[in-house]
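Residue numbers (our numbering): 1153 to 1517.
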Amino acid sequence: MGGWVRGVLAAILGSLAACSSPPPLAPPSSAPAPRPAARWVAVDWKELPGWGGDDLLAAWPALLASCQRPAPAWAEFCARAALQPPADALEATLLLMKHLRPWRIAGDGGDPTGLLTGYFEPQLAASRSRQGAFQWPLHALPADPALRRTPRRDIDGNPRFAALELAYVDDPFGLLQLQVQGSGRLVMRDAAGAERVIRVAFAGHNDQPFQSVTRALLDRGEVADAAPRSLGDWARRNPSRVKEAMAANPRVVFFREEPQPDPGLGPRGAQGVPLTPGRSVAVDRDAIALGTPLWLDSTEPWSPGAPPAPLRRLVMAQDTGSAITGAVRADLFWGWGEEAALRAARTRQPLRMWALWPEGSTPKP
1153 MGGWVRGVLA
1163 AILGSLAACS
1173 SPPPLAPPSS
1183 APAPRPAARW
1193 VAVDWKELPG
1203 WGGDDLLAAW
1213 PALLASCQRP
1223 APAWAEFCAR
1233 AALQPPADAL
1243 EATLLLMKHL
1253 RPWRIAGDGG
1263 DPTGLLTGYF
1273 EPQLAASRSR
1283 QGAFQWPLHA
1293 LPADPALRRT
1303 PRRDIDGNPR
1313 FAALELAYVD
1323 DPFGLLQLQV
1333 QGSGRLVMRD
1343 AAGAERVIRV
1353 AFAGHNDQPF
1363 QSVTRALLDR
1373 GEVADAAPRS
1383 LGDWARRNPS
1393 RVKEAMAANP
1403 RVVFFREEPQ
1413 PDPGLGPRGA
1423 QGVPLTPGRS
1433 VAVDRDAIAL
1443 GTPLWLDSTE
1453 PWSPGAPPAP
1463 LRRLVMAQDT
1473 GSAITGAVRA
1483 DLFWGWGEEA
1493 ALRAARTRQP
1503 LRMWALWPEG
1513 STPKP
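Okay, structure coming up:
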């Protein structure tokens, strides 16, 4: 955002700070009801660290995506946002300040600090047929409940699973990563070399307990770290042991193919809209309603030799996850590919968070 934009916003926020008393909070009747997982406290815009420094036009597509499935409190704002899109970052900022109100989110004990992590969509080379290095199959969900519970070591060689093989990848640890993430992209090439990308999404699992293959290798000292390159090197050195190593994790995730009309869009999150890289987060929906805009105050993922830089931006609560629990907890979607995987792996830092909610309406999870 340009300096002139920050100057205008500084003047606006400065005028708020200069008031003899802060703007009145919402009346008691519209204050958020007590919740076991979160406390929401109405605050002034000037309390949001870095507000005015984010290019909110970059966040607008994610906001409009959430508006495809608006909660009742958001119907009016979403209609306005769709019919009168802002022309620039300043107009977007002022529109939000006019129609929304920030609320600081804290845990049940009042602690406003939490944790930011990251996730991504794996992208693997794949083939429709088993050939060459492409030996590791993804399976569709079996219709037979008994067959569905088969542990990993008993799936290979079982003829009933042959008809359920959707595709084959050349990276066994990439397959495990795909199963942990629950969705991903498969990049296939035809005989002429043309590339096609398909998306596979979570369809179910075999109800077996999860065990970390990587942790087992680390504990035995067979790999020095959990980096994909280290795991790949181990697999190339020990091709005869890969299948047995993978069998240490009996859980198998089954997939289904999803249409992908636009490769520039991420997978659909729990809200039912495509995720936007860098602008979509998974949250605990017991504390934050899906579709809620959130202001994050954290730091960029750690990079060797570089001091931590602020990460302050507008994101949308569009997904959930079993590990995402607590009020001040967010999992930032970084996108797909190697760079996104690296950023996701390095994202684990303190977080403060504010929710934006329509003026005059009571926030509800």
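Idealized CB from N, CA, C, for every residue including glycine. What you are looking at is a predicted structure, and each value in this text was computed from that prediction instead of being measured.
Looking at C-alpha atoms only, which residue of the options is the closest neighbour of residue i?
i	options	result
R1232	R1351, A1211, R1388 and L1216	L1216
L1442	D1206, A1223 and G1202	A1223
W1386	N1401, V1365 and F1406	V1365
L1338	A1344, V1193 and L1327	L1327
A1422	A1434, T1428, D1414 and P1413	A1434
D1471	R1420, S1335 and A1227	R1420
M1102	L1276, G1384 and P1237	Within the shown structure, residues of the chain are numbered from 1153 to 1517, placing residue 1102 beyond reach of any answer.
S1392	P1324, A1376, R1495 and R1348	P1324
G1309	Q1331, K1395, L1247 and A1244	K1395
P1294	P1303, F1286, V1349 and L1448	P1303
Let me know if residue i comes out buried or exposed under the rule of 16 or more other beta-carbons within 10 Å of its beta-carbon.
i	result
T1477	exposed
E1273	buried
P1311	exposed
P1426	buried
D1342	exposed
F1096	It is not possible to answer for residue 1096, since the shown part of the chain is limited to 1153 through 1517.
T1265	exposed
V1404	buried
S1125	With the chain covering only 1153 through 1517, there is no way to say anything about residue 1125.
P1445	buried
S1450	buried
A1458	exposed
Spell out the partners DSSP gives residue i in its beta bridges.
i	result
A1194	W1255
M1249	BP columns for M1249 are empty, so no partner.
R1393	According to DSSP, which records beta bridges pairwise, R1393 is partnered with nothing at all.
S1432	M1468
Q1501	L1268
S1279	Y1320
A1223	Answer is none; A1223 lacks a bridge partner.
D1483	T1269 and A1434
A1507	W1255 and L1446
R1408	A1353
Straight-line CA distance for residue i to residue j?
i	j	result
D1371	S1382	14 Å
Q1283	G1416	29 Å
P1180	A1399	Interpretation of P1180 is limited by its pLDDT of 34, a score under 50 that renders its predicted location unreliable; the figure taken from the coordinates is listed afterwards. So the two alpha carbons sit approximately 57 Å from each other.
L1208	R1465	8 Å
W1226	A1475	28 Å
P1184	V1467	With a pLDDT of 44 at P1184, under the threshold of 50, the modelled position of that residue is not reliable, and no figure is offered here.
P1238	A1278	41 Å
S1218	W1212	10 Å
A1368	E1374	9 Å
A1234	F1407	34 Å
L1299	G1473	27 Å
A1379	G1512	49 Å
W1203	A1315	54 Å
T1428	A1493	15 Å
D1131	R1305	Outside the displayed range of the chain (1153 to 1517) lies residue 1131, so it cannot be described from this structure.
W1509	R1437	15 Å
Less than 8 Å separating the Cβ of residue i from some heavy atom of the ligand GDP?
i	result
S1364	In the structure on display, the ligand GDP does not appear, and there are no ligands present to speak of.
>> Which complete beta strand (DSSP E) runs does the region 1439–1478 hold, if anything under 3 residues is left out?
In response: 1445–1451 and 1462–1471
> Can you list the alpha helix (DSSP H) stretches of 4 or more residues lying completely in the region 1298–1380, in chain order?
Replying inline: 1311–1314, 1324–1333 and 1365–1371
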